[in-house]
Each structure stands twice: as structure tokens, then as C-alpha cells.
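**Student:** Structure below; questions to follow.
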Amino acid sequence: MKIAQVTPLYEAVPPRLYGGTERVVAHLTDALVDLGHDVTLFASADAETRARLIPVRDQAIRLDPAPFKSDLAA
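Under this note's numbering, the first residue of the sequence shown is numbered 1, with each subsequent residue one higher.
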């Protein structure tokens, strides 16, 4: 079966510190791959997975040292 997993971009997958949703997605994605499914994970490029990874941004938002555009507008 082809399965797409989409994660929030705030935290890495699996999370470095906290992140319940991201931890569940990491375990579920790897378990589905182990069962033979064709899994694609849409997450930040720093994600670690056995599935095919489609990076949506370079780094999880919480770990990105670059400020948000809204912070620069002031």
C-alpha cells in the first residue's frame, strides 16, 4: 500500500527533545515500512526515517536559527 505521512514542521522527526506527535509519526512510519508498505514522509530535511523523505523545509522550525519574516518586519 502507498501511504503518505505529513508531519508538523515545528519539531524534527523523531524529535530531539519533546514532540509527541512527531515521535508517534516516526514510530508509525518506520513500522509501516517494516511491514512492506511504500511510505513517503513529508517533513523537514533533518528527519531520520526509513521511508522515502520529501523535505518541505531545510530544518525543523524550532531548531532553525534564522528568524521568522514577521520578526524582521519591525
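The beta-carbon is built from N, C-alpha and C at its ideal position, and this holds for glycine as well.
1) With aspartate 75 and alanine 12 assumed to form a contact (beta carbons below 8 Å), what rounded beta-carbon distance in angstroms separates them?
2) From which residue to which residue does the alpha helix (DSSP H) around threonine 7 run?
3) Give me, in chain order, the residues of the same chain whose beta-carbon lies closer than 6 Å to that of threonine 29; leave out the 5 immediate sequence neighbours on both sides.
4) Identify the continuous alpha helix (DSSP H) that holds valine 77 and give its terminal residues.
5) Less than 8 Å separating the beta-carbons of tyrosine 18 and alanine 60?
**Tutor:** On the basis of the supplied data:
1) This structure cannot settle anything about residue 75, because the visible part of the chain is limited to 1 through 74.
2) Position 7 of the sequence shown, counted from the first residue, corresponds to residue 7. Note, threonine 7: premise wrong, no alpha helix (DSSP H); not H, not E.
3) Indexing the sequence shown from 1 puts residue 29 at position 29. So the list reads Gln5, Val39, Leu41, Thr49 and Ala51, once near-sequence residues are dropped.
4) Lying outside 1 to 74, the shown extent of the chain, residue 77 is not represented and no answer is given.
5) By 1-based counting over the sequence shown, the position of residue 18 is 18. By 1-based counting over the sequence shown, the position of residue 60 is 60. No, these two residues do not count as a Cβ contact at 8 Å.
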